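Below: one structure, written as structure tokens.
Numbering (the working numbering), first residue to last: 10 to 841.
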């Protein structure tokens, strides 16, 4: 009998076993539902326990391992700088901030300048500010030091001299002395020079009753350079050296024009401490000229002050932006500066957003008040868009000669609108005219009108409203469109699906055949069929007739026998022209490769076979590899079959294109099968044949009957094996008769972890396929022949997940069993 102490120990052990089993089961369940452990892909750079010590090579002091490396990019080191260095860094930072602030301010200013009306003169690169000098000298041009003039004496006496005005304002005349011309215009200088030369050339003034026979012409040939100052609110103020032909506008362009706060309306020209001219750039822009644009003189000053009043113009205007306004200008003037309203503007009223001393306010100004409305600096004037609606639009459609949109003003009633639309068409349904009306609350209502009553005077003419839509129905709107249809052996590109022709009363079968292009050579004249609708089907009878079938013959001249001449078509008749059973198109087959006479051959008999074709091609050549012979055949498949094929290939998880299994889905034109069904996929696939057996036993089961488009390809002797799919290195290797399936896989590096070894297969040169089989736990691989292709598919994601779960379960059970064995061993020791 066991002691109580042993029984207690035994119970504890059993409890521990139960707990471990439950723990193992839970871990197994969790292994199936929880995601796989994410293994980190990066390795920590350092692991530095606080107490670890290392030996220094210089002495035996303990050195902490966790010292920060000097080149650690993640470490922030605090370094105390010298006062001078810190001051230099602070100065650089301050300079950087000031420069960034200045750039931001310049950017904002440039935006304002770009928006300002008139700035395009100074920002347009095509504007030429250079003064034009290749022109005749203006009479009011004032001479000064540096100007070069030419004096031409012609007539009875001839003389020519060029002279330059010296710094004192004098020119030296040959034989006539010195003349002061500074400050004189060309006319004044010419008179003074003439008086000087008249002492030498007597004919210049005439005398003693004789007219002058000698003449003088003075012109400018070289201009002087002058200096002008441009001050105030311009982009680049300063002193500029320009030609004496430079005008105020030319010089202003050289300075970049007014800046973001500069005036465009009151630019002053100061000469000898007084204002001699004022330039308004808006005159130049809107009129093309300005009286204030004068020629400059040396030491002139151009003064550009800040603007006084500027407003913003936005919305549906031809020009938008900032406009400068003079005190005497009103809203109408500013709108003219903006080019006026565009074609979509709501011109009846504009909105003005105005700044007051405390807040903003909005003002509505009517068109009639534009000329009397004053604008103030800071005003923002907005011109809104027209409403997307018509104030007098009505429309008419349907059985009318001119449907469309009309004006309510000229067509206030229904009859007036119909007359404007050129009247009703013959098929119009006048007893049921509809008016679709949009009410004031935008709800829609329908008004039905009888035109016969209005025309006869029984009811009053209908008054129309804005947005009314009049619909004149047609008698054809109430009936189904009638047609007849023909398909089959007809001379029409749509013969396959059928040609639908509008039905005409008294139409015959001959009329229909002529309309679609006639019959083809293959048409059976003795088998033409009309399928006609039944309009009185008895719905209670299960075997009730649902259509009439009319069969008849027709002659080649499209005439009928006398008994069928009265057959006429009815609406919705469908005519079928059958193909003659005695008609066959030529069919062809192709031989390629190692035959004596490769090429295209016509198929002579319906039961002609592969052996017959090889015989007609002269047989095989000595180099032919008979085991590699393939038959390529075109086959029509449905969309469903196509989808099935794609799913099978996807499930195999092969990342290569298997050309010999199926050169997949070369789409061709739809063809008609024997059952008359249209299939939309033509595929070209390889059919496995054993040509060696076929040639040994012609007419046997292996000897297939030829079909149109068949292609027999006989290669030369093959000496390679191709390995594809889930192998380490897909490659092509030399065939050796002593090597097996596994040997060739080894030559490509062996299987990968993702390879599905049990699904491996071999594609033979003739197109046939053999797969790996299992017997108990042994895999039997297919035989490999010259020219074969070994395909190793990959595992699907589901399969890999199942393997991972199974591995986790095995590991858990193994740990559990180990624990149980340990516990029982412990109990065994206690018993001893």
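All residues carry an ideal CB built from backbone N, CA and C; glycine is no exception.
The structure displayed is predicted, hence computed values, not measured ones.
C-alpha gap between residue i and residue j, whole angstroms
{"i": "residue 471", "j": "residue 425", "result": "10 Å"}
{"i": "residue 39", "j": "residue 829", "result": "Low confidence applies to residue 39: its pLDDT is 42, below 50, so where it sits in the model is not reliable enough to give any reading."}
{"i": "residue 683", "j": "residue 722", "result": "Low confidence applies here, because residue 683 scores a pLDDT of 39, under 50, leaving its location unreliable and the question unanswered by this model."}
{"i": "residue 468", "j": "residue 423", "result": "12 Å"}
{"i": "residue 520", "j": "residue 503", "result": "18 Å"}
{"i": "residue 517", "j": "residue 413", "result": "39 Å"}
{"i": "residue 616", "j": "residue 692", "result": "23 Å"}
{"i": "residue 621", "j": "residue 633", "result": "17 Å"}
{"i": "residue 46", "j": "residue 820", "result": "Its pLDDT being 38, under 50, residue 46 is placed unreliably by the model, and the measurement read from it follows with that caveat. If I take the Cα positions, the gap works out to 15 Å."}
{"i": "residue 327", "j": "residue 299", "result": "23 Å"}
{"i": "residue 653", "j": "residue 694", "result": "15 Å"}
{"i": "residue 681", "j": "residue 578", "result": "Note on residue 681: pLDDT 42, under 50, position unreliable in the model; the coordinate value appears next. Spanning the two alpha carbons is a distance of roughly 27 Å."}
{"i": "residue 555", "j": "residue 765", "result": "58 Å"}
{"i": "residue 823", "j": "residue 832", "result": "14 Å"}
{"i": "residue 259", "j": "residue 366", "result": "40 Å"}
{"i": "residue 348", "j": "residue 398", "result": "26 Å"}
{"i": "residue 585", "j": "residue 596", "result": "25 Å"}
{"i": "residue 792", "j": "residue 776", "result": "14 Å"}
{"i": "residue 353", "j": "residue 396", "result": "9 Å"}
{"i": "residue 720", "j": "residue 607", "result": "11 Å"}
{"i": "residue 111", "j": "residue 449", "result": "59 Å"}
{"i": "residue 641", "j": "residue 623", "result": "15 Å"}
Proximity below 8 Å, CB of residue i to CB of residue j
{"i": "residue 627", "j": "residue 605", "result": "yes"}
{"i": "residue 796", "j": "residue 637", "result": "yes"}
{"i": "residue 436", "j": "residue 408", "result": "yes"}
{"i": "residue 332", "j": "residue 131", "result": "no"}
{"i": "residue 474", "j": "residue 400", "result": "no"}
{"i": "residue 290", "j": "residue 273", "result": "yes"}
{"i": "residue 229", "j": "residue 158", "result": "yes"}
{"i": "residue 524", "j": "residue 509", "result": "no"}
{"i": "residue 318", "j": "residue 362", "result": "no"}
{"i": "residue 843", "j": "residue 312", "result": "Since the first residue of the chain shown is 10 and the last is 841, residue 843 is not available in this structure."}
{"i": "residue 392", "j": "residue 325", "result": "yes"}
{"i": "residue 188", "j": "residue 201", "result": "yes"}
{"i": "residue 801", "j": "residue 734", "result": "yes"}
{"i": "residue 153", "j": "residue 181", "result": "no"}
{"i": "residue 245", "j": "residue 271", "result": "no"}
{"i": "residue 757", "j": "residue 740", "result": "yes"}
{"i": "residue 774", "j": "residue 713", "result": "no"}
{"i": "residue 215", "j": "residue 164", "result": "no"}
{"i": "residue 799", "j": "residue 778", "result": "no"}
{"i": "residue 194", "j": "residue 150", "result": "yes"}
{"i": "residue 115", "j": "residue 232", "result": "no"}
CB-CB length for residue i against residue j, believed under 8 Å
{"i": "residue 589", "j": "residue 562", "result": "No, residue 589 and residue 562 are not in contact; Cβ-Cβ is about 12 Å, not under 8 Å."}
{"i": "residue 360", "j": "residue 373", "result": "6 Å"}
{"i": "residue 208", "j": "residue 172", "result": "Actually they are not in contact, since the Cβ atoms of residue 208 and residue 172 sit about 17 Å apart, beyond 8 Å."}
{"i": "residue 737", "j": "residue 759", "result": "6 Å"}
{"i": "residue 406", "j": "residue 480", "result": "6 Å"}
{"i": "residue 528", "j": "residue 558", "result": "Incorrect: roughly 20 Å between the Cβ atoms, too far for contact."}
{"i": "residue 718", "j": "residue 643", "result": "5 Å"}
Extent of the continuous alpha helix (DSSP H) to which residue i belongs
{"i": "residue 260", "result": "257 to 263"}
{"i": "residue 375", "result": "First-last for residue 375: 369 to 375, but that is the beta strand (DSSP E), not the alpha helix (DSSP H)."}
{"i": "residue 625", "result": "619 to 625"}
{"i": "residue 425", "result": "423 to 429"}
{"i": "residue 326", "result": "No alpha helix (DSSP H) contains residue 326, which DSSP labels as neither H nor E."}
{"i": "residue 641", "result": "Run containing residue 641: none in the alpha helix (DSSP H); it sits in the beta strand (DSSP E), 639 to 646."}
{"i": "residue 523", "result": "518 to 524"}
{"i": "residue 213", "result": "Here residue 213 belongs to no alpha helix (DSSP H), and DSSP marks it neither H nor E."}
{"i": "residue 292", "result": "290 to 296"}
Bounding residues of the beta strand (DSSP E) (the contiguous stretch that carries residue i)
{"i": "residue 341", "result": "First-last for residue 341: 340 to 346, but that is the alpha helix (DSSP H), not the beta strand (DSSP E)."}
{"i": "residue 403", "result": "402 to 407"}
{"i": "residue 799", "result": "798 to 801"}
Chain B within 8 Å of residue i, Cβ atoms only
{"i": "residue 731", "result": "Checking the listed chains, one finds no chain B in this structure; it contains a single protein chain."}
- prompt: What are the start and end residues of each continuous beta strand (DSSP E) run of 3 or more residues lying completely inside the stretch 560 to 597, in chain order?
  reply: Segments of the beta strand (DSSP E) lying fully in the stretch 560 to 597: 583 to 588.
- prompt: Counting only runs that start and end within the stretch 122 to 200, where is the alpha helix (DSSP H) found for 4 or more residues in a row?
  reply: Complete alpha helix (DSSP H) runs here, min 4: 129 to 132.
field: 3 or more residues per run - each beta strand (DSSP E) lying fully within the stretch 688 to 737
entry: Listed in chain order, the complete beta strand (DSSP E) runs (minimum 3 residues) inside the stretch 688 to 737 are 690 to 696, 720 to 723 and 729 to 734.
message: Restricting to runs no shorter than 3 residues, where is the beta strand (DSSP E) found entirely within the stretch 221 to 288?
response: With a minimum length of 3 residues, the continuous beta strand (DSSP E) runs that stay inside the stretch 221 to 288 are 223 to 231, 234 to 241, 247 to 252, 271 to 280 and 283 to 288.
- prompt: Which residue spans inside the stretch 447 to 505 form an unbroken beta strand (DSSP E) run of at least 3?
  reply: 453 to 458, 478 to 481 and 492 to 497, all fully within the stretch 447 to 505.
Complete runs of the alpha helix (DSSP H) confined to the stretch 742 to 766 [at least 4 residues]: Whole alpha helix (DSSP H) segments, 4+ residues: 750 to 756.
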